[in-house]
Each structure stands twice: as structure tokens, then as C-alpha cells.
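To start, the structure under review is shown below, and the notes come after it.
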Amino acid sequence: MRVHIRHQGKLVLSDVIFANTFWSRLCGYMFRKTPHASAILFEPANAMQTTFMHFDLDIIFLTRDNEVVKVLRNVRPWRHTWFYPKVRKALEIPSGTLKGEIREGEKLEVDQCPVGASMRSSRKNAANSERPESPDFE
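Position 89, counted from 1, in the sequence shown is what this note's numbering calls 94; the numbers after and before it change by one each time, with no gaps.
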């Protein structure tokens with residue numbers, strides 16, 4: 006499943022992977038040379054690690070109601086975060102993507118992507134927003 010993340014009504018991350026199974030939470034960005042998704046939302050998660058990662062991350066820890074508890078910027082590979090007992094979710098974002106827009110105490114909105122939305126289609130729309138999208142048959 007994929008979700009969109011909004012902050013103060015503005016779409017800040019689209020087509021985010023929702024990692025809520027054992028395997029999806031285990032893998033995340035591990036072993037990848039470059040990010041394969043705009044972000045990954047882990048649930049449940051109250052601590053994170055960047056073992057076997059090859060790029061820096063920004064990590065946002067959220068409560069069950071999507072209130073921002075902690076924002077960690079530029080977390081390097083092979084690091085572990087503290088355990089945050091009030092946290093239910095963690096959002097991993099390639100470092101520098103949000104440029105300091107989100108602060109502790111603010112709330113995020115998490116919306117499920119429409120059925121059939123794909124990362125490829127959101128990248129096409131971002132690159133060429135004036136051209137209507139045709140379906141992919143690959």
C-alpha cells in the first residue's frame with residue numbers, strides 16, 4: 006500500500022511506501038545504492054537503524070495520531086536512534102528532501118493513495134505536469 010503525506014494541507018510527499026509487514030519493515034532502504042521510493046512510513050516503529058544503508062536519511066517519529074515527536078536530520082548509515090516510547094510510526098526520507106519544513110509538535114496527514122497509483126506514474130506527473138498521463142502496460 007502507498008500513502009501521501011500532507012503538512013498544513015500541502016502535499017509534501019507522494020507515493021510513500023507504507024511498511025506494515027515484517028518483511029517490508031525489515032528491508033526498507035537497506036542494501037540499496039539509491040532510494041527506490043520518495044519515503045517509507047513504518048508502522049509499528051519507535052526506534053530506527055540505518056544498518057546496510059548507503060545514503061543519509063531524515064527520520065520523523067510520529068504518534069498514532071501523526072503528531073511529530075522527533076525529527077532527526079542527516080542520519081548517516083550504520084547508526085541507531087533512541088527508543089521513543091510515545092511513538093507509533095517512523096517516516097524515513099532521503100536526507101534533504103523536506104528542507105526543514107516539518108517541526109516537532111506539528112501534525113501530518115496520512116492519506117491512502119488511490120488504487121492503481123504507482124511510483125512510476127507519480128514521477129511522470131512530477132516531470133511533466135501539463136501532459137495527461139496515459140496508462141502503463143509494461
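Just so you know, even glycine gets a beta-carbon here, dropped at the ideal spot from N, CA and C.
Looking only at its own chain, which residues have a Cβ that is under 7 angstroms from the Cβ of residue i, when we skip the five neighbours before and after it?
i   : result
N25 : E48
Alpha carbon to alpha carbon, how far is residue i from residue j?
i    : j    : result
S100 : F60  : 8 angstroms
I98  : T39  : 12 angstroms
V76  : V21  : 18 angstroms
W87  : E109 : 16 angstroms
V80  : Q117 : 27 angstroms
F27  : A50  : 11 angstroms
V17  : I10  : 6 angstroms
L15  : R93  : Position check: residue 15 holds Lys in this sequence, whereas Leu was assumed. Using only the alpha carbons, I get a separation of about 23 angstroms.
P82  : P90  : 23 angstroms
S19  : T55  : 22 angstroms
Which residues does DSSP list as the beta-bridge partners of residue i?
i   : result
R7  : I22
H12 : K15, L113
K94 : L67
With a threshold of 6 angstroms on Cβ separation, who are the neighbours of residue i within its own chain once the five nearest residues in sequence on each side are excluded?
i   : result
D63 : R78, I98, S100
F57 : M35, F36
F23 : M6, V8, L46
G33 : I45
From the options, pick the residue whose C-alpha is nearest to that of residue i; which is it?
i   : options               : result
L67 : V8, E111, K15, T86    : E111
E72 : V115, F27, L103, P119 : V115
I45 : F88, W83, L103, L96   : L96
R30 : P119, H41, M53        : M53
Just to confirm my understanding: we take residue i, look at its own chain, exclude 5 residues before and 5 after, and list those with CB closer than 8 angstroms. What are they?
i   : result
H12 : E106, I107, E111, L113, E114
D70 : K112
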